[in-house]
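Numbering (this note's numbering), first residue to last: 479 to 703. By construction, the Cβ of each residue, glycine as well, lies at the ideal position given by its N, Cα and C atoms. Computed from a prediction, not measured in an experiment: that's the story for all the values here. Inspection log for the structure reproduced underneath, given as structure tokens.
The following block contains the structure:
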């Protein structure tokens with residue numbers, strides 16, 4: 479009788495140990511929400527960007543900051559604000575868009591950066607473009623790039639009625655903008671242009687409706703990457 483009792487105890491203990499180990503193994507397979515999100519961001523970036531831009535994010539590779547004309551990395555990118563030099567470290571790279579802006583069959587990385595400073599809240603946008611084996615970073619304000627459309631057209635604004643739709647081209651330390659449509663407002667009226675020619679308001683909005691909000695690319699979270 480005592481032997482039977484011992485056998486029952488041993489079996490129970492063994493089952494408990496096995497179940498415990500099994501539970502631990504199952505838990506190990508489950509990633510946290512943050513880990514899943516980071517894996518998703520990593521996969522999206524790595525699968526869609528040129529290797530040279532991926533190296534900037536994963537291996538801290540250097541790129542050329544066109545504004546300062548200096549080499550920089552994700553942790554040494556500097557922006558002068560009046561007398562203050564702001565370093566936009568990787569933790570301030572908040573969101574991104576991937577799009578072929580200049581129709582060269584390679585994707586550019588557009589990054590929105592945000593950082594509090596002593597007196598204000600600084601934000602800006604950088605476009606990273608690969609040329610040959612180098613990567614160039616071009617600085618834009620948030621107003622310069624309000625929307626990015628799937629066809630590579632950018633929308634910028636300088637006021638309530640001043641809106642510009644344009645394409646960009648990059649050539650090392652130089653960049654150029656080709657305005658495809660524009661509305662210019664003053665106190666009394668708005669002027670509408672398509673390819674630098676004056677058009678009616680109706681024709682203007684009909685033209686931009688071809689790539690309007692439903693085709694704009696949403697910003698994706700990059701914080702913590």
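Between the Cα of residue i and the Cα atoms of the options, which residue gives the shortest distance?
i, options, result
"residue 620", "592, 607 and 578", "592"
"residue 579", "540, 587 and 602", "587"
"residue 576", "610, 525 and 564", "525"
"residue 569", "555, 582 and 581", "555"
"residue 607", "640, 631 and 650", "650"
"residue 626", "605, 528, 640 and 637", "605"
"residue 527", "613, 566 and 571", "613"
"residue 667", "678, 539 and 564", "678"
"residue 639", "663, 647 and 659", "663"
"residue 704", "553, 616, 686 and 550", "This structure gives no information on residue 704, because the portion of the chain shown stretches from 479 to 703."
"residue 581", "520, 636, 601 and 630", "630"
"residue 611", "681, 584 and 602", "584"
Name the DSSP bridge partner or partners of residue i?
i, result
"residue 633", "625 and 643"
"residue 617", "604"
"residue 549", "542"
"residue 663", "668"
"residue 648", "653"
"residue 574", "589 and 698"
"residue 535", "None, per the DSSP bridge assignment."
"residue 609", "612"
"residue 556", "565"
"residue 658", "Note: residue 658 sits in no beta bridge, so no partner."
So, using beta-carbon positions, are residue i and residue j closer together than 8 Å?
i, j, result
"residue 609", "residue 693", "no"
"residue 633", "residue 643", "yes"
"residue 656", "residue 645", "yes"
"residue 699", "residue 573", "yes"
"residue 641", "residue 654", "no"
"residue 534", "residue 552", "yes"
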